[in-house]
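Down below is the structure, laid out as structure tokens.
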Amino acid sequence: MYIFDFMKDGIINIVDSHTGGEPTRVVTGGFPDLGSGPMAARVDNFKTHYDHLRRGIVEEPRGHASIVGALLCAPEKSDSDAGLIFFNNAGYLGMCGHGTIGVVKTLEHIGGADAKTLRFDTVAGTVTATRNTGGSVTCRNVESYRLSKGVELELNDRRLIRGDIAWGGNWFFLVEADELEISLRNLGGLSRLATDIMYKLAEKNITGAEGARIDHIELFSKSDVADSRNFVLCPGGEYDRSPCGTGTSAKLACLAADGHLEAGDVWKQESVTGSVFDATYEVSDKGIVPSITGFAFITAEGKLIFDNNDPFKHGING
Ligand code: PYC
């Protein structure tokens, strides 16, 4: 496995990739040491002491709003290969499916992935990622489940929305939207509706388990090429260019709970950009354990330079 080094001379090493169109920026070295304790404690450390670096890595002028960052760090468990902390323009993610696939391609690129299957500790739990013949990667995600079905929500314009609340490594509100055009031409309308839903859920205090904020909204409809096509709004207001690994996991949890998909059967989930993930599940205690298969491609590698004289060295909002 790759040997990490820690920040020297204001330089952070990164590799960029995309999975089904959604970018991942993997921090491969140069980040301060967050220690080796539980992943949740390391995220707290990141938030408290280095949040400016999160902004500097993913926000403009070095990044942009749709990048998900992934910090590779020491594993929490002795039988895992690495720890992973995912972050974006809004903060930190429990898990990230497209990001895990991007991390595996990144490790292949830098020569850090010897095993066919790698284990990663994330804040949401341990996941595995397997490299398949043909170049795809399968991420076996954390246990996923539906918390509530058919939750009603009245929006400010009096539109009545009904959706399911499900966990797939992040919290999702999933809404069937067959009447909407889920296409790149309609991004404005989809973003406005999903944002209204996200705000209304917060206003009405409709949450995931233990009061957790529902910070991903998934609108889905029929697809010509897959079983479903989705639009996923992420916490920072950007949409997922991929079908969203954790969102597809949440979707499978709902399908399994409704008896609409058998364990082991393949579900093809298309994104608003047209990229597709193949997904299956195994039954577990609380719900399901989903596996998501997709392709990632390396787009760049480099060094981020944090010049002390740069007023925007920690991002434009920094
Ligand atoms: O693939 O799980 C995912 C994801 C979450 C946010 C963006 N992508």
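Going by this note's numbering, the sequence shown opens with residue -8, and the numbers climb by one from there.
Every residue, glycine too, gets a C-beta built ideally from N, C-alpha and C.
DSSP-derived helix/strand/coil call for residue i
i	result
F22	coil
K304	coil
K96	helix
N4	strand
A193	helix
A73	strand
E172	coil
D187	helix
A217	coil
A157	strand
L151	strand
L210	strand
L181	helix
Buried/exposed call for residue i, threshold 16 Cβ in 10 Å
i	result
V274	exposed
I173	buried
N300	exposed
I(-6)	Low confidence applies to I(-6): its pLDDT is 44, below 50, so where it sits in the model is not reliable enough to give any reading.
L146	exposed
L175	exposed
G28	exposed
I152	buried
D155	buried
P226	buried
I307	exposed
T15	buried
8 angstroms contact criterion, which residue i and residue j should meet: CB distance rounded
i	j	result
Q260	D206	With 8 angstroms as the limit, Q260 and D206 do not qualify as a contact, their Cβ atoms being about 20 angstroms apart.
G126	F286	6 angstroms
D148	F111	Contact flag wrong, Cβ pair sits at about 42 angstroms.
L144	I188	7 angstroms
E13	R232	4 angstroms
Length at least 3, wholly inside the segment 222 to 298: the beta strand (DSSP E) runs in chain order
With a minimum length of 3 residues, the continuous beta strand (DSSP E) runs that stay inside the segment 222 to 298 are 258 to 261, 267 to 274, 279 to 285 and 287 to 296.
Identify every run of the alpha helix (DSSP H) within the segment 13 to 66, keeping only runs that are complete inside it and at least 4 residues long; order them along the chain.
Within the segment 13 to 66, the complete alpha helix (DSSP H) runs of at least 4 residues are 30 to 49.
Would you list, in sequence order, the uninterrupted beta strand (DSSP E) runs of no fewer than 3 residues that lie entirely inside the segment 84 to 141?
Listed in chain order, the beta strand (DSSP E) runs fully inside the segment 84 to 141 are 108 to 113, 116 to 122 and 128 to 131, counting runs of at least 3 residues.
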